[in-house]
Amino acid sequence: MFSLENYRNLKRRRNKAHAEQGEFPSVANPLTLTALEETCNATATCSAIRKTTTTTTRGTTTTIATMPSIALETDKEVIEKEVEIKFHRQHCGHQHKSHLIASESKKSINKHFLPSSSSSPPSQRISDDVLQSRRKNSKTITAVAAATASASSFSTWTSLCLSSIISSAWTSTTSLASPQPATVSSSVALIKAIAAMVARFVRDLSIATSNSHSNTTTATTTNISRRHMLLTLMLLLFVCFVNTSSAKAADTLSGNLQSCSDENEEIHLAIKNSKCYTCSCQNGFVKCEDRCPPIDDCYLLEKKSSDACCNKCKGCMFLGKAYPSGAEWTDPMNPCKSYKCVGSVVTATEMKCYTQCDDSQLMKPRPGECCPSCQGCKINGQIVLEGQEVVASIDDRCLVCQCKDNQLTCAKKTCPVLQCPVSKQKLLPNECCPRCTEHREFMPLTGKCIFTNKIFHDKIQFMPDRCTNCTCSNGTSICERKTCPILECSPEYQEMDGCCPRCITSEVRSECIVNGITYQTNDTWNVDTCRSCRCTGGNIRCSEMRCPPVKCRSNEELKVLPGECCPKCIETAGTCTVFGDPHFKTFDGKFFSFQGSCKYLLASDCYDKTFSIRLTNDGRQTKRSAWAKTVTLKMRGIRVNLGQKQRVKVNGTRVALPYASGPISSIEKLSESIMLKTDLGLSIEWDGNNYLQVTVPSSFKNRMCGLCGNYNGWTRDDLTSRDGVNHTEVWRFANSWKVGGPKACSRKQENIAVEPTCKQRKSNALCRPLRVSEVFGNCDSTVNPENYHDACKMDVCDCPTGMCHCDSFTAYARECQRLGVRLPDWRSATACPHGQWKREFNTTLKMLRNNPYYGDLRFLQNQQKQKNRKHKFEEQHQHNQLLQRDFINKHVPKNLLISKSPDRTPPPLH
Numbered sequence: 001m002f003s004l005e006n007y008r009n010l011k012r013r014r015n016k017a018h019a020e021q022g023e024f025p026s027v028a029n030p031l032t033l034t035a036l037e038e039t040c041n042a043t044a045t046c047s048a049i050r051k052t053t054t055t056t057t058r059g060t061t062t063t064i065a066t067m068p069s070i071a072l073e074t075d076k077e078v079i080e081k082e083v084e085i086k087f088h089r090q091h092c093g094h095q096h097k098s099h100l101i102a103s104e105s106k107k108s109i110n111k112h113f114l115p116s117s118s119s120s121p122p123s124q125r126i127s128d129d130v131l132q133s134r135r136k137n138s139k140t141i142t143a144v145a146a147a148t149a150s151a152s153s154f155s156t157w158t159s160l161c162l163s164s165i166i167s168s169a170w171t172s173t174t175s176l177a178s179p180q181p182a183t184v185s186s187s188v189a190l191i192k193a194i195a196a197m198v199a200r201f202v203r204d205l206s207i208a209t210s211n212s213h214s215n216t217t218t219a220t221t222t223n224i225s226r227r228h229m230l231l232t233l234m235l236l237l238f239v240c241f242v243n244t245s246s247a248k249a250a251d252t253l254s255g256n257l258q259s260c261s262d263e264n265e266e267i268h269l270a271i272k273n274s275k276c277y278t279c280s281c282q283n284g285f286v287k288c289e290d291r292c293p294p295i296d297d298c299y300l301l302e303k304k305s306s307d308a309c310c311n312k313c314k315g316c317m318f319l320g321k322a323y324p325s326g327a328e329w330t331d332p333m334n335p336c337k338s339y340k341c342v343g344s345v346v347t348a349t350e351m352k353c354y355t356q357c358d359d360s361q362l363m364k365p366r367p368g369e370c371c372p373s374c375q376g377c378k379i380n381g382q383i384v385l386e387g388q389e390v391v392a393s394i395d396d397r398c399l400v401c402q403c404k405d406n407q408l409t410c411a412k413k414t415c416p417v418l419q420c421p422v423s424k425q426k427l428l429p430n431e432c433c434p435r436c437t438e439h440r441e442f443m444p445l446t447g448k449c450i451f452t453n454k455i456f457h458d459k460i461q462f463m464p465d466r467c468t469n470c471t472c473s474n475g476t477s478i479c480e481r482k483t484c485p486i487l488e489c490s491p492e493y494q495e496m497d498g499c500c501p502r503c504i505t506s507e508v509r510s511e512c513i514v515n516g517i518t519y520q521t522n523d524t525w526n527v528d529t530c531r532s533c534r535c536t537g538g539n540i541r542c543s544e545m546r547c548p549p550v551k552c553r554s555n556e557e558l559k560v561l562p563g564e565c566c567p568k569c570i571e572t573a574g575t576c577t578v579f580g581d582p583h584f585k586t587f588d589g590k591f592f593s594f595q596g597s598c599k600y601l602l603a604s605d606c607y608d609k610t611f612s613i614r615l616t617n618d619g620r621q622t623k624r625s626a627w628a629k630t631v632t633l634k635m636r637g638i639r640v641n642l643g644q645k646q647r648v649k650v651n652g653t654r655v656a657l658p659y660a661s662g663p664i665s666s667i668e669k670l671s672e673s674i675m676l677k678t679d680l681g682l683s684i685e686w687d688g689n690n691y692l693q694v695t696v697p698s699s700f701k702n703r704m705c706g707l708c709g710n711y712n713g714w715t716r717d718d719l720t721s722r723d724g725v726n727h728t729e730v731w732r733f734a735n736s737w738k739v740g741g742p743k744a745c746s747r748k749q750e751n752i753a754v755e756p757t758c759k760q761r762k763s764n765a766l767c768r769p770l771r772v773s774e775v776f777g778n779c780d781s782t783v784n785p786e787n788y789h790d791a792c793k794m795d796v797c798d799c800p801t802g803m804c805h806c807d808s809f810t811a812y813a814r815e816c817q818r819l820g821v822r823l824p825d826w827r828s829a830t831a832c833p834h835g836q837w838k839r840e841f842n843t844t845l846k847m848l849r850n851n852p853y854y855g856d857l858r859f860l861q862n863q864q865k866q867k868n869r870k871h872k873f874e875e876q877h878q879h880n881q882l883l884q885r886d887f888i889n890k891h892v893p894k895n896l897l898i899s900k901s902p903d904r905t906p907p908p909l910h
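Residue 1 is where the sequence shown starts when you use the UniProt record's numbering, and the numbers rise one by one after that.
Structure follows, in structure tokens:
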């Protein structure tokens with residue numbers, strides 16, 4: 001083991017040998033560092049140590065080591081001990097803080113270039129020239145180290161970039177509510193990497209400076225230092241450019257899906273910048289969306305403040321007035337001159353008007369407008385709705401018509417000049433103008449313009465393309481772009497003329513032939529609900545309706561109504577589900593369980609009394625549980641009863657399927673259930689066992705009552721009783737909807753306020769597939785399985801059939817399929833068969849024996865075997881007792897069977 005005393009002895013012998021040869025003692029040498037390496041290796045947290053480069057000259061000794069550097073200027077034992085201890089702490093310490101690197105660099109530089117405060121022996125005195133040179137270099141390097149620590153060194157751009165990287169990396173680790181470990185570790189790793197690069201740069205710079213003032217500097221050391229500095233700068237530049245994409249990670253929510261119970265209600269998150277997101281409960285999960293407007297056309301983004309939600313595109317300054325990005329305006333003196341600001345670029349264009357009607361229907365431009373309009377909103381014989389836009393020609397999608405006040409106005413606008421390079425632009429299908437595919441944050445440059453990664457000074461002119469001339473004006477690029485004329489010919493008869501196309505002279509025709517049908521000039525026809533065409537001089541010009549972007553709420557779906565072109569948000573139908581030991585999911589999405597064994601009003605139109613649905617539960621010889629037995633629909637004098645094994649009765653008479661009569665549109669058999677549909681839009685799905693789903697159209701919203709709730713979009717009042725009281729106890733709410741009297745109950749005494757309990761081992765084993773992705777695929781990211789898992793565990797607790805867990809599996813699978821999730825073959829994986837199953841526990845065990853998802857089948861089998869043995873023993877015991885009693889009654893006199901005392905001895909035999 002290397003000790004301090006060994007190090008001192010070794011150093012004395014080394015210095016003595018040098019003195020005998022007339023040389024000055026070297027401060028540090030590879031042998032000394034090797035010994036110190038051994039000391040470091042004795043600890044568990046040693047860092048890499050490089051050999052020092054020692055240059056010894058007469059009167060000057062310079063030692064270069066890995067940062068933090070070591071320089072000894074005396075040979076005193078106290079200094080040796082101090083340096084050794086400091087070396088050990090620096091290289092073997094347990095805590096290395098990135099923000100201390102600059103201060104350690106400063107200390108190291110001072111030790112390199114400043115003389116020791118203690119007096120030096122004559123052999124080590126430094127000349128005044130060397131001393132002043134050291135002080136000068138020390139001031140320079142110390143300034144660099146201090147500037148690096150405060151993010152103001154190298155150059156302004158590099159330091160600002162470096163500080164923004166560290167700031168964004170640290171923000172990404174602290175702005176999330178529950179960041180993932182990978183996010184935190186990657187951000188910390190980024191900070192450490194940047195700090196290490198800064199430290200390496202300062203060290204290499206100090207090496208280069210010291211070597212430049214050394215009389216014996218070698219070319220190899222200088223080249224290595226320059227190479228290291230160049231590599232460090234290249235890495236910094238690379239990280240700065242990569243930072244553009246990584247900065248977005250701090251603006252997104254990450255983590256696991258959070259469960260919720262209040263369906264369709266707004267959720268308030270206790271996280272930083274929660275005002276930036278809109279969250280609601282959807283299918284048992286908290287789903288969030290940002291509130292920021294789109295920035296598809298923007299390339300340069302202003303640096304966002306810490307309390308801001310959305311990225312903001314750089315605005316424009318035009319004639320002393322500020323405009324936000326996306327703003328459009330016209331010249332008050334010339335309405336045909338339009339302007340648009342997109343990302344600090346103002347595009348000025350001349351509008352081109354287009355009319356597609358006769359002069360008799362042509363109307364003059366309205367005040368403040370450029371183009372005339374046509375009376376009546378029709379194009380090619382197709383009606384345009386109020387406020388709707390239509391592309392007048394699918395060959396020129398920038399020619400757009402709009403209906404306003406029953407007048408159709410058509411004009412062609414030029415696409416705005418984009419700030420991003422052409423390689424970063426993309427034209428989407430059926431779009432007029434391209435968009436930028438990337439976004440970057442910029443640093444403000446006073447009086448200068450940034451355009452396609454180039455910087456232009458004020459009053460400088462440039463041409464992005466042949467049709468555009470731009471001038472930098474006070475940080476905003478003012479661009480004049482030429483608007484190409486509207487052409488009546490097809491694209492195959494066009495050629496480029498300068499920056500715009502023109503029509504090639506061709507033969508004028510008076511008819512058009514489409515799919516074998518001949519159309520004359522000015523004839524129109526409809527292709528579909530969105531497109532219509534007109535024949536003009538042998539050319540076909542087709543228009544297309546432009547559908548605005550639509551964003552539907554969680555309880556709405558996008559649908560195209562018959563005869564219309566554009567989709568609309570249509571409120572989804574209300575769905576109420578009943579399954580298992582009855583578990584209910586109301587029209588508004590509230591889950592609750594109720595084990596009543598009577599007849600109840602499930603759903604009814606409580607305003608117009610157009611229909612009512614009653615549910616009859618059966619206790620099935622259990623103390624607390626119940627299952628759905630029959631479903632009865634009453635509607636306009638017709639009574640439809642859906643019973644077990646998918647039996648259907650209409651007005652008391654069993655009918656064969658399919659069936660249809662009066663208000664009953666159809667009753668038909670599906671693969672696993674039967675479906676009843678009415679002319680009101682009401683539908684009932686029943687599997688013939690205990691799964692039931694009732695669906696009503698949105699026209700019944702705020703009109704429903706019963707166990708399925710009031711269907712008003714809120715879950716908080718779904719437990720409203722018949723007398724209008726909103727209860728918190730389920731059994732009080734459910735009992736208020738009881739119908740049929742005591743005779744409708746299968747149990748005389750109800751103890752429905754107490755939920756059944758059982759061993760968790762059994763329920764967890766049977767219900768585990770609800771949490772296995774291989775069984776139900778990716779549905780666990782769309783529908784929260786927790787409610788169904790809880791229902792499954794409750795059903796298994798008191799199950800006379802042994803297959804009660806399949807009820808929850810079926811309900812969960814139906815909900816996933818209703819929301820459009822494609823499922824694997826979950827029945828094979830869970831051993832839940834189609835249709836009816838035998839209600840025997842032995843059959844259940846046979847189905848489960850080869851199922852890989854049940855780990856406790858041995859426990860279930862052993863439990864059943866023990867029950868069977870006990871049952872057989874009890875039967876045998878009772879049989880033996882009967883035989884013994886018959887034998888005694890037959891052969892023993894009756895007077896001998898009467899005993900006066902329990903301990904009386906029998907009489908002796910004669």
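Cβ coordinates follow ideal geometry from the N, Cα and C atoms, glycine included.
Rounded distance between the beta-carbons of residue j and residue i, thought under 8 Å
i: G574; j: F700; result: 7 Å
i: V342; j: P416; result: 5 Å
i: L602; j: C708; result: 6 Å
i: C374; j: Q425; result: 35 Å between Cβ atoms; not a contact.
DSSP three-state assignment for residue i, whether helix, strand or coil
i: Q646; result: helix
i: D790; result: helix
i: L870; result: Here residue 870 is Lys; the residue named in the question, Leu, does not match the sequence. DSSP places K870 in helix when its eight states are reduced to three.
i: W731; result: helix
i: N539; result: strand
i: C341; result: strand
i: L883; result: helix
i: P335; result: strand
i: Q132; result: Per-residue confidence for Q132 stands at a pLDDT of 47, beneath the threshold of 50, marking its modelled position as unreliable; no derived number is given.
i: P501; result: strand
Cut-off 8 Å between Cβ atoms - residues of its own chain near residue i, not counting five sequence neighbours on either side
i: G713; result: N264, N555, D588, K701
i: F776; result: P769, L770, P785, Y812, A813, C816, L823, P824, W826
i: C767; result: H789, C792, K793, V796, H805, S808
Proximity below 7 Å, CB of residue i to CB of residue j
i: P335; j: G368; result: yes
i: T536; j: K352; result: no
i: I540; j: Y354; result: no
i: S338; j: C298; result: no
i: S604; j: G706; result: yes
i: V648; j: L642; result: yes
i: A392; j: C410; result: yes
i: T452; j: P421; result: yes
i: Q646; j: I674; result: yes
Residues near residue i by beta carbon distance below 6 Å, same chain, minus five either side
i: G580; result: A791, D795, D807, S808
i: L676; result: I667, I684
With 16 other Cβ atoms within 10 Å as the buried cut-off, status of residue i
i: Y691; result: buried
i: C499; result: exposed
i: I504; result: exposed
i: R869; result: exposed
i: T278; result: exposed
Sequence-distant residues of its chain with Cβ nearer than 7 Å to residue i (five each side left out)
i: S186; result: For S186, the predicted structure reports a pLDDT of 45, less than 50, and the residue's modelled location is therefore unreliable. A value from the coordinates is still provided. Taken in chain order, the list of residues that qualify is empty.
i: residue 935; result: One cannot answer for residue 935 here, as it falls past the ends of the chain, which runs 1 to 910.
i: Y607; result: R703
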